[in-house]
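Input: a single structure, listed below in structure tokens.
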Amino acid sequence: MMKKPWETSITDLSTMSPAARSAAMRGGMEGWGQVGGLPEHIRYMEALVPKSRKLCHCGCRSRKSHVGKSNGVALMSGCELVVRRWVRA
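So that you can map any letter, position 89 of the sequence shown is 439 in the working numbering, and since no number is skipped, the others follow by simple counting.
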């Protein structure tokens, strides 16, 4: 039986950010970086690299400074407050 691509690739935990490593340990590594957004996946946030960015969609007039991820896949971006609310939801 052929394995799916996400079953054969092994992600190195030592190269992940602390938030990503924590989510991987709590939610499992199955489909890491391939599939995100399912209800059983752990949501977390990471800071974006400082460069020219668009404004946040919430109306706070600040730049998008963080990205919301689930299972290693970026799903949304915005200011820190918006992303923290998304992670908690």
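The beta carbon of each residue, even a glycine, is placed where N, CA and C say it ideally should be.
task = Would you mind stating whether W382 and G418 have Cβ atoms separated by less than 9 Å?
result = By 1-based counting over the sequence shown, the position of residue 382 is 32. By 1-based counting over the sequence shown, the position of residue 418 is 68. No, the Cβ-Cβ distance between W382 and G418 is not below 9 Å.
query = To which residues of the same chain is G377 closer than 8 Å at the C-beta, ignoring the five residues directly before and after it?
reply = Taking the sequence shown and counting its residues from 1, one reaches residue 377 at position 27. Once the five neighbours on either side are set aside, the close Cβ partners of G377 are E390, H391, I392 and N421.
task = Assign G428 to buried or exposed, taking buried as 16 or more other Cβ atoms, counted over all protein chains shown, within 10 Å of its Cβ.
result = As a working mapping, residue 428 is identified with position 78 in the sequence shown. Its Cβ being crowded by 16 or more others within 10 Å, G428 is buried.
query = Whose CA, out of A397, Q384, A439 and S415, lies closest to the CA of P368?
reply = Working through the sequence shown from its first residue, we reach residue 368 at position 18. Checked all of A397, Q384, A439 and S415; the closest Cα to P368 is A397.
Neighbourhood of A424 by C-beta distance below 6 Å, restricted to the same chain and skipping five residues each side = Position 74 of the sequence shown holds residue 424. These residues qualify, in order along the chain: V417.
request  = Work out the CA separation of Y394 and L405 for me, nearest whole Å.
outcome  = Against the sequence shown, residue 405 aligns to sequence position 55. Against the sequence shown, residue 394 aligns to sequence position 44. So the two alpha carbons sit approximately 21 Å from each other.
message = Considering only DSSP beta bridges, list what R413 is partnered with.
response = Against the sequence shown, residue 413 aligns to sequence position 63. According to DSSP, R413 bridges with L405.
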